[in-house]
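Residue numbers (this note's numbering): 7 to 250.
The beta-carbon is built from N, C-alpha and C at its ideal position, and this holds for glycine as well.
Report on the following structure.
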Amino acid sequence: MTENYIVFFDSGVGGVTVLRECVKRYPTEKYLYYGDNENAPYGNRSKEEITGLAKRAFEEIACMRVRAVVIACNTVTAECVDALRKIYSFPIVGIEPAIKPAAVCGGKVLLLATRATLESERVKRLIAANACNAEITVYSPENLAGDVERNIENLDNIRLSSHLPKGEFDSVVLGCTHYIYLREKIASYYKCRVFDGNAGTVDHLGKILNICSKNDEKTEQNEPYFYGKSKKVNQKAYLILKRL
Ligand code: DGL
Numbered sequence: 007m008t009e010n011y012i013v014f015f016d017s018g019v020g021g022v023t024v025l026r027e028c029v030k031r032y033p034t035e036k037y038l039y040y041g042d043n044e045n046a047p048y049g050n051r052s053k054e055e056i057t058g059l060a061k062r063a064f065e066e067i068a069c070m071r072v073r074a075v076v077i078a079c080n081t082v083t084a085e086c087v088d089a090l091r092k093i094y095s096f097p098i099v100g101i102e103p104a105i106k107p108a109a110v111c112g113g114k115v116l117l118l119a120t121r122a123t124l125e126s127e128r129v130k131r132l133i134a135a136n137a138c139n140a141e142i143t144v145y146s147p148e149n150l151a152g153d154v155e156r157n158i159e160n161l162d163n164i165r166l167s168s169h170l171p172k173g174e175f176d177s178v179v180l181g182c183t184h185y186i187y188l189r190e191k192i193a194s195y196y197k198c199r200v201f202d203g204n205a206g207t208v209d210h211l212g213k214i215l216n217i218c219s220k221n222d223e224k225t226e227q228n229e230p231y232f233y234g235k236s237k238k239v240n241q242k243a244y245l246i247l248k249r250l
């Protein structure tokens, strides 16, 4: 283990769901969480705005002791992971909607993601590459990430029927880390399997940093450090996730 941090970055609280998966798998690493809650949600903004906000956040992140950064945000990954990788030499791991594992099961797949994610060339390519295996419908619940951000302590306040499209699907892909807080509810809403990109992202991080999973229940977890003005909100999210 090194003394440098694996930094998680998201527009707000969504990326805490990825951090949680990572802490469970690699409990002895050092983690720092950076949520740009003041500017969340990102998903209805233009590519230029999202890139500008992400670059500003990375300028702060780069001043910390960084071992790697996980962009725990589908929107930022889709719009500007390549631009960020050109600027920084530390490893940057992104997250993408888990379309592939859903599509290989065939049938009707619903991809839920932010507008920016769905409009990005990166995700359009991902959809096209998997369209031969399944019928993929895409939908952007415009206010859902913002609703999660505001109601992180009272997720029961969120009415899924006002955000989600009607229909019958064989699987749903959660292409936004904010939606993962509602994973169980979305699964019962559509009565089907739900996929997300968290496990794949954590696997990939482990591979590039050469970290081994520790499934031993007794291993003590390193508590993540929450950075900046958003500290309070993110810590609440983390506590909520710990209880799940
Ligand atoms: N959690 C982010 C994602 O995975 C962004 C949501 C937002 O800020 O709109 O896309």
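Practice item. Drop a sphere of 10 angstroms on the beta-carbon of N216, count the other beta-carbons inside from all chains shown, and report buried for 16 or more, exposed for fewer. Key: Exposed is the call here.
**Study point:** C-beta atoms of N228 and K36 nearer than 8 Å
**Key:** Contact: yes.
**Study point:** Cα-Cα separation, E65 to G203
**Key:** The C-alpha of G203 is placed about 26 Å away from the C-alpha of E65.
Check your understanding: Contact check, L247 vs T23 under 8 Å by CB: the rounded distance?
Key -> Contact holds; Cβ gap of about 7 Å.
Practice item. Would you be able to state if there are at least three C-beta pairs under 8 Å between the region 193 to 212 and the region 100 to 108? Key: Touching, per the Cβ criterion.
Review point. Mind checking whether the beta-carbon of Y39 lies closer than 7 Å to any heavy atom of the ligand DGL?
Key: In this structure, Y39 has its beta carbon at no less than 7 Å from each heavy atom of the ligand DGL.
**Study point:** Presumed contact (8 Å Cβ cut-off) between V75 and V13, rounded CB distance
**Key:** 5 Å between Cβ atoms; contact.
Exercise for review: Return yes when the C-beta of P47 is under 7 Å from any heavy atom of the ligand DGL, and no when it is not.
Suggested key: Under cutoff, so the answer is yes.
Check your understanding: Does the region 110 to 125 come close enough to the region 44 to 58 that 3 or more CB-CB pairs lie under 8 Å?
Key -> Segments in contact, yes.
Check your understanding: How about L25 and Y39: are their beta carbons less than 8 Å apart?
Key -> With a cutoff of 8 Å on beta-carbon distance, L25 and Y39 are scored as near each other.
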